[in-house]
């Protein structure tokens, strides 16, 4: 099998962590998507990564990120060599929300219920000009799906959210299974987010 990008490893120094900010006039704060901070993954479709967790979280802290929502499972944290991800995030005085979703899947009812329990906190942050960043392993499928759901709380349609995220982050954001989930199960709420 030939990988699209060479085997070289990219680091937090050669490729500082980048957040793609998903903007909308209905949101005062900023909502962003990124890859897993500190991930070490020698082989991936986008090329190898040898990131440093402390360096990445320090950079996110410098960006004034208020909340990080992590969607990777504990086993992925081990595989990506970031088993203490939450501890490092919280050490930097950043709120950490852990909502594990299996890779390439749409959220389960359990995850939706847990996300709902953080809804007011996330909305309050975004209504207070704070920055909220969502990540999964690569910052494409799961992260983009949850960002669409958050945008939906602000009466932004999932179709518009998917299209905007694909323009800003990558055309690969939100796989067909996740897109079907968003379009069939998440409807724009009535009234303004509060």
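Residue numbers (my numbering): 757 to 950.
All C-beta atoms in this analysis are idealised placements derived from N, C-alpha and C, irrespective of residue type, glycine included.
Since the model is a prediction, treat every value here as computed from it, not as a measurement.
Could you say which of the options lies nearest to residue i if we only look at CA atoms?
{"i": "residue 769", "options": "813, 852 and 900", "result": "813"}
{"i": "residue 784", "options": "888, 920 and 926", "result": "888"}
{"i": "residue 826", "options": "781, 913, 780 and 897", "result": "897"}
{"i": "residue 892", "options": "878, 881, 861 and 779", "result": "861"}
{"i": "residue 858", "options": "932, 828 and 903", "result": "828"}
{"i": "residue 937", "options": "927, 919, 901 and 909", "result": "901"}
{"i": "residue 820", "options": "798, 787, 807 and 805", "result": "787"}
{"i": "residue 779", "options": "933, 917 and 932", "result": "917"}
{"i": "residue 933", "options": "895, 822, 863 and 869", "result": "863"}
I'd like the span of the beta strand (DSSP E) that includes residue i, first residue to last.
{"i": "residue 887", "result": "887 to 891"}
{"i": "residue 780", "result": "Per DSSP, residue 780 belongs to no beta strand (DSSP E) and is neither H nor E."}
{"i": "residue 842", "result": "Residue 842 -> not in any beta strand (DSSP E); alpha helix (DSSP H) instead, spanning 841 to 847."}
{"i": "residue 931", "result": "It is not in any beta strand (DSSP E) - residue 931 carries neither H nor E in the DSSP assignment."}
Taking only the alpha-carbon atoms, compute the straight-line gap between residue i and residue j and give it to the nearest angstrom.
{"i": "residue 884", "j": "residue 855", "result": "23 Å"}
{"i": "residue 766", "j": "residue 835", "result": "17 Å"}
{"i": "residue 939", "j": "residue 850", "result": "32 Å"}
{"i": "residue 950", "j": "residue 907", "result": "Below a pLDDT of 50, predicted positions are generally treated as unreliable, and residue 950, at 39, falls in that range; the measurement from the model is reported next regardless. Distance between the alpha carbons of residue 950 and residue 907 is about 13 Å."}
{"i": "residue 946", "j": "residue 911", "result": "Caution applies to residue 946, whose pLDDT of 36 falls short of 50 and renders its modelled position unreliable; the value that the coordinates give is listed next. Those two C-alpha atoms are separated by around 7 Å."}
{"i": "residue 924", "j": "residue 776", "result": "7 Å"}
{"i": "residue 914", "j": "residue 772", "result": "30 Å"}
{"i": "residue 818", "j": "residue 841", "result": "17 Å"}
{"i": "residue 890", "j": "residue 799", "result": "23 Å"}
Tell me the residue span of the alpha helix (DSSP H) that contains residue i.
{"i": "residue 813", "result": "809 to 818"}
{"i": "residue 897", "result": "897 to 909"}
{"i": "residue 880", "result": "875 to 883"}
{"i": "residue 924", "result": "914 to 924"}
Please confirm whether residue i and residue j have their CB atoms less than 8 Å apart.
{"i": "residue 904", "j": "residue 930", "result": "yes"}
{"i": "residue 886", "j": "residue 844", "result": "no"}
{"i": "residue 815", "j": "residue 794", "result": "no"}
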